[in-house]
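Notes for the one structure printed next.
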Amino acid sequence: MSELKYLQGYPESLVDQVRNLIAKQQLKPFLLKKYPCCHDIKTEKALYDFVQELKSDYLKKSAPISKVVYDKKIHAVDHALGQHAFVSRIQGSKLKAKHEIRISSIFREAPLPFLRMIAVHELAHLREKEHNKAFYNTLEKKL
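If you use full-length UniProt numbering, the sequence shown corresponds to residues 1 to 143, in order.
Structure representation (structure tokens):
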């Protein structure tokens, strides 16, 4: 069975449950039963507002986010589900830093908990850049 790369860092018991569902070809029916409909956050403005609300609830003192978009170029199967970019630009004598979050466009039609999971993951990168122990602690404690 292929490696479940999007589940790395999660408890082994959860990963085993997913492996079992995949082996029995029950993952899709399970997810459709649990999440029968998708969210209504279709525009990038609505997505930005959604992520800003999450940020204001959990990460008030973190850096501001300048951009949140659905990105058609992010391919969930072989690349990523979302991306956090830290962009630095020099404007005159000042260094301007911007944080951008890009979420795969497949989540435009996904259930709200899936979109929230990706947004929370990318927001955690405001505190921790790498997927290390501190990153996962941030997810557990703050988000």
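Backbone N, C-alpha and C fix where the C-beta goes; we use that ideal spot for every residue, glycine too.
Output the distance between the C-alpha atoms of residue i and residue j, rounded to the nearest integer angstrom.
{"i": "residue 35", "j": "residue 111", "result": "6 Å"}
{"i": "residue 83", "j": "residue 22", "result": "26 Å"}
{"i": "residue 47", "j": "residue 129", "result": "22 Å"}
{"i": "residue 79", "j": "residue 11", "result": "22 Å"}
{"i": "residue 65", "j": "residue 28", "result": "34 Å"}
{"i": "residue 1", "j": "residue 24", "result": "Note on residue 1: pLDDT 45, under 50, position unreliable in the model; the coordinate value appears next. About 12 Å."}
{"i": "residue 106", "j": "residue 139", "result": "23 Å"}
{"i": "residue 103", "j": "residue 61", "result": "23 Å"}
{"i": "residue 50", "j": "residue 37", "result": "18 Å"}
{"i": "residue 26", "j": "residue 132", "result": "31 Å"}
{"i": "residue 13", "j": "residue 63", "result": "34 Å"}
Is residue i helix, strand or coil by DSSP?
{"i": "residue 136", "result": "helix"}
{"i": "residue 6", "result": "helix"}
{"i": "residue 74", "result": "coil"}
{"i": "residue 84", "result": "strand"}
{"i": "residue 97", "result": "strand"}
{"i": "residue 41", "result": "coil"}
{"i": "residue 141", "result": "helix"}
{"i": "residue 67", "result": "strand"}
{"i": "residue 127", "result": "coil"}
{"i": "residue 52", "result": "helix"}
{"i": "residue 91", "result": "strand"}
{"i": "residue 62", "result": "coil"}
Apply the 10 Å Cβ neighbour rule to residue i and answer buried if 16 or more other Cβ atoms are within range, or exposed otherwise.
{"i": "residue 157", "result": "What the structure shows of the chain is the stretch from 1 to 143, and residue 157 is not part of that stretch, so it cannot be assessed."}
{"i": "residue 119", "result": "buried"}
{"i": "residue 7", "result": "exposed"}
{"i": "residue 121", "result": "buried"}
{"i": "residue 75", "result": "exposed"}
{"i": "residue 95", "result": "exposed"}
{"i": "residue 32", "result": "exposed"}
Query raised in the report: Do three or more CB pairs link the region 41-57 to the region 78-92 at distances below 8 Å?
Result: No: fewer than three Cβ pairs fall under 8 Å.
Query raised in the report: Is there contact between the region 42-50 and the region 62-73, where contact requires at least three CB pairs shorter than 8 Å?
Result: At 8 Å Cβ cutoff, the stretches touch.
Report task. Would you check if the region 122-130 and the region 96-110 touch, i.e. whether three or more CB-CB distances between them fall below 8 Å? Result -> yes
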